[in-house]
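My numbering applies: residue 17 is where the sequence shown begins, and numbers increase by one.
So the structure is just underneath, and the comments pick up after that.
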Amino acid sequence: MSKILITGGLGFIGHHVAIKLSQKGHKIAVLDNLSRPNTFFSNSSKSNEENYNWKYIDEFYPQIEKKFIDIRDKEEVKILIQNFKPEIIIHAAGQTSAVDSIENPRFDFKNNVIGLFNVLNSAKESQIVTDFLYISTNKVYGNNVSKIPLIEGKTRYFPEEKKFTGFSETLSIDHSIHTPYGVSKLTGDLYVQEFGQIYGMKNTVFRLSCIYGDQQFGIHGQGFISYMFLNAISGKPIQIYGNGKQVRDILYIDDLSNLIERYLSSTSSLNPKIFNQKSRVYNIGGGINNTISLLELVGKFESILGKKIEMEFSNWRLGDQKLYISDITKIYSEIGWKPNINPEQGIERLSKWIESNKHLFLNRKQEEKKFT
Ligand SMILES: NC(=O)c1ccc[n+]([C@@H]2O[C@H](COP(=O)([O-])OP(=O)(O)OC[C@H]3O[C@@H](n4cnc5c(N)ncnc54)[C@H](O)[C@@H]3O)[C@@H](O)[C@H]2O)c1
């Protein structure tokens, strides 16, 4: 049993991982400032009890400790780490939208760089934390992923290279447009690696592609599968930037939670081979066997809902990637993990969850908490 602190632990990824690790017998504390818009379900007040994930954890997993803390406040973070004494920190808190980062780069910087630094540095100074897992993103590669030749098919782009297995961790991060979000996440990613190298911390970086699943409250610019399905069931047209042929590898949240649980239990001192290696950076996603384009996604929604869905097309946005597929060979070869849930099954599960929780989405607060 380990003590594990999860920052952003009341967000989509964080709370799923918290539940999984708690079920495995670990003692979990989640830290969050509940800043994500659209997770509050009343317009009357902003008490924590109105936050969906806060209430959910309270009701079904009361053994998980909840801390209402902002990672931009270094003293609060330090005190929490000193008091809770975690051996492991999973850092999933932050500003998550590339689109919003262009509108307000300072806000993005404060949350994703200063916030991360506060947590990482307090972890180092505590001398209690042994493992630090940073939830990074494929956006650290920016538009370098757009530099491979593609073939345009009817519903999607294909890589020209037939043997393409996805982008590996060796892809360059330089000479690329990242968006401020990509840059702030990359800065955090490098800090985490650096602290591992120079302070001997056991640090790991997971660079995620698209994670989706139940209890994901998608918004414009983040969580696109859930956001688009919500629009589809509400009869709103689906907004597509570009031609809809852009391809992503997608990973269902349960596969990610299983991976994190498996990684932590197969690493912490149990597998010296992994911990002796210098770079513990992994691309994580559905991989080459679990990809979908936006047009194909809308097609799946149409067959689930049995109706035609309207799409509205507009220009590509800054930093949009035409094709991103993670090469997940490295994580597979080290701990034997690969996804179990394919896009058919995952999209079906997500759509069922949204349909049976439609009431949640009717009254939710919109963007008013943005940039605070
Ligand atoms: N979901 C994906 O597909 C995906 C893909 C790549 C990377 N990521 C990364 O994974 C992490 C988690 O993403 P998610 O999808 O769960 O998003 P999310 O918005 O659901 O979760 C992030 C959580 O962090 C909290 N938070 C934000 N700023 C904070 C602050 N200053 N102090 C404390 N808490 C704060 C939010 O309230 C939210 O609960 C993010 O760092 C994101 O960049 C996610």
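Every residue gets a Cβ at the ideal spot worked out from N, C-alpha and C, and that includes glycine.
CB of residue i within 8 angstroms of CB of residue j, strictly
i	j	result
Lys13	Ser138	The question about residue 13 has no answer here: the residues shown for the chain are numbered 17 through 388.
Asn306	Asp343	no
Gly204	Ser281	no
Phe233	Gly239	yes
Ile269	His32	yes
Asn128	Gln337	no
Lys19	Val46	no
Glu318	Lys36	no
Leu321	Tyr173	no
Asp86	Asn120	no
Ile271	Pro355	For the sequence presented, residue 271 should be read as Asp rather than Ile. Yes, they are a contact pair.
Ile266	Tyr228	yes
Ile105	Val135	yes
Ala114	Gly258	no
Arg365	Ile308	no
From the options, residue whose alpha carbon lies closest to that of residue i
i	options	result
Ile254	Ile214, Leu272, Asp270, Ile235	Ile235
Tyr157	Phe233, Tyr72, Pro196	Pro196
Gln79	Glu65, Ile104, Tyr68, Ser38	Ser38
Ile341	Tyr348, Glu364, Gly303	Gly303
Lys346	Gly25, Thr23, Gly301, Glu360	Gly301
His16	Ser349, Glu103, Thr220	In the structure as shown, the chain starts at 17 and stops at 388, and residue 16 therefore has no counterpart that could be examined.
Gly352	Leu339, Leu275, Asp89, Leu366	Leu275
Tyr72	Glu177, Leu26, Ile106	Leu26
Lys252	Phe125, Glu350, Ser330, Ile325	Ile325
Ser200	Gln111, Asn358, Asn356, Ala248	Gln111
Gly222	Phe377, Tyr150, Ser273	The residue you asked about is not Gly; residue 222 is Phe in the sequence shown. Residue Tyr150 is the option with its Cα nearest to Phe222.
Lys101	Glu141, Tyr279, Ile357	Glu141
Thr220	Pro175, Tyr279, Phe183, Lys163	Tyr279
Leu132	Thr146, Thr23, Phe76	Thr23
Arg88	Trp70, Ala109, Tyr77, Asp74	Ala109
Phe84	Glu65, Leu310, Tyr348	Glu65
Arg296	Gln262, Phe148, Asn247, Phe183	Phe148
Ile97	Asn69, Val145, Asp74, Asn67	Val145
Neighbour-count burial assignment, residue i, 16 or more Cβ in a 10 Å radius
i	result
Glu384	Residue confidence for Glu384 is low, a pLDDT of 48 falling below 50, so the modelled location carries little weight; the figure read from the coordinates is stated next. That one is exposed.
Leu21	buried
Phe28	buried
Met217	buried
His191	exposed
Trp332	exposed
Lys368	exposed
Ser188	exposed
Lys170	exposed
Leu334	exposed
Thr55	buried
Lys323	exposed
Lys163	exposed
Test: residue i CB closer than 8 angstroms to a CB of chain D
i	result
Lys71	Looking for chain D here will not work: only one protein chain is present.
- Query: Should the segment 369-379 be regarded as contacting the segment 208-226, the criterion being three or more beta carbon pairs within less than 8 angstroms?
  - Reply: no
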